[in-house]
Ligand code: PAF
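Residue numbers (the working numbering): 40 to 320.
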């Protein structure tokens with residue numbers, strides 16, 4: 040596996056692969072990899088001839104006071120995991136390469152960035168769209184794979200790709216869960232033993248909602264309050280939001296009619312955890 044840090048070297052490598060007629064798959068990550076990331080890599084292997092994994096903890100998507108400084112990092116471990124998956128390139132640029140002195144241009148996420156996580160993390164999705172657009176211009180992939188745990192991010196990136204005419208296929212990959220249902224996330228590393236046990240309430244609450252819908256419940260307010268109740272039974276958990284919304288526009292729904300996205304964010308100790316599921320009536 041090649042490790043590339045320089046933007047110009049990454050661009051040169053991609054140009055040569057494109058000229059040779061090979062299809063490049065990109066898996067953008069912030070590192071501290073887990074099985075969820077590795078499943079994106081395996082999806083990349085199926086959708087491209089070459090797989091590039093980018094590893095960059097993007098300062099622009101963290102607000103002041105958020106966990107940019109303490110975000111878990113372990114480059115050596117990540118490198119070994121990716122080598123084992125036979126990834127072709129690990130792109131690991133320093134922050135000065137991505138945001139050189141004088142940098143002032145950003146990509147603004149539209150209304151999709153204002154719902155859900157956008158409410159409590161203003162500027163977050165602007166940071167995401169900006170860095171993803173940069174990665175697209177540097178790696179020049181034919182296809183990019185995103186995890187559906189960050190469902191809002193996936194929809195925002197899809198919108199950006201359509202709006203800015205990036206010629207890139209965007210694939211959303213299903214959430215990978217631990218045995219007890221907790222969605223895999225680098226931020227799970229923040230949880231101590233008790234908090235890790237408490238974190239099971241997220242998946243439990245999503246399952247409760249799915250059961251209610253299967254039993255015929257359609258009213259969003261009742262489903263949302265049942266989900267909140269389930270989470271709040273766990274004393275260590277604090278609900279940030281629970282939203283039942285349209286899976287495309289992310290606008291809140293009054294009733295489940297067809298497909299609806301149930302998305303939530305919960306704080307447990309130092310960790311802010313998100314999860315979601317699609318409900319079908
Ligand atoms: O999902 C992530 O890990 C990040 O938001 C991404 C897409 C790598 C951009 O920094």
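Don't be surprised by glycine CBs; every beta carbon is placed ideally from N, CA and C. In this text, all values refer to a predicted model and were calculated from it rather than measured experimentally.
DSSP three-state assignment for residue i, whether helix, strand or coil
i, result
"residue 319", "strand"
"residue 98", "helix"
"residue 279", "strand"
"residue 196", "helix"
"residue 298", "strand"
"residue 164", "helix"
"residue 268", "helix"
"residue 289", "coil"
"residue 257", "coil"
"residue 314", "strand"
"residue 93", "strand"
"residue 228", "helix"
"residue 148", "coil"
"residue 182", "strand"
"residue 116", "helix"
"residue 303", "strand"
Run of the alpha helix (DSSP H) containing residue i, from where it starts to where it stops
i, result
"residue 246", "239 to 253"
"residue 134", "134 to 137"
"residue 109", "Looking at the DSSP string, residue 109 is not in any alpha helix (DSSP H), and its letter there is neither H nor E."
"residue 46", "46 to 58"
"residue 220", "Neither: residue 220 is in no alpha helix (DSSP H) and is coded neither H nor E."
"residue 203", "It is not in any alpha helix (DSSP H) - residue 203 carries neither H nor E in the DSSP assignment."
"residue 158", "156 to 159"
8 angstroms CB neighbourhood of residue i in its chain, flanking five on each side removed
i, result
"residue 257", "294, 295, 296, 320"
"residue 212", "78, 79, 82, 184, 185, 186, 187"
"residue 234", "275, 307, 308, 310"
"residue 118", "40, 42, 129"
"residue 271", "278"
"residue 269", "240, 243, 244, 247"
"residue 231", "308"
Opening and closing residue of the beta strand (DSSP E) in which residue i lies
i, result
"residue 212", "208 to 212"
"residue 42", "41 to 43"
"residue 129", "128 to 130"
"residue 83", "Residue 83 -> not in any beta strand (DSSP E); alpha helix (DSSP H) instead, spanning 74 to 86."
"residue 64", "63 to 68"
Residue i CB to nearest heavy atom of the ligand PAF below 7 angstroms
i, result
"residue 100", "yes"
"residue 333", "There is no way to answer for residue 333, as the model of the chain reaches only from 40 to 320."
Beta-carbon contacts of residue i that lie in its chain and below 6 angstroms, excluding the five residues immediately before and after
i, result
"residue 154", "289"
"residue 87", "62, 63, 64, 182"
"residue 225", "71, 111"
"residue 127", "89, 90"
"residue 237", "273, 275, 276, 307"
"residue 101", "107"
"residue 122", "40"
"residue 96", "69, 110"
Proximal residues to residue i (C-beta, below 7 angstroms), its chain only, five neighbours per side dropped
i, result
"residue 135", "none"
"residue 200", "207, 209"
Residue-chain proximity (residue i, chain B), Cβ-Cβ < 8 angstroms
i, result
"residue 196", "Judged by its chain identifiers, the structure shown contains no chain B, having just a single protein chain."
Which residues are close to the ligand PAF, meaning CB closer than 6 angstroms to any heavy atom, in chain order? 67, 68, 69, 97, 100, 167, 170, 171, 189, 192
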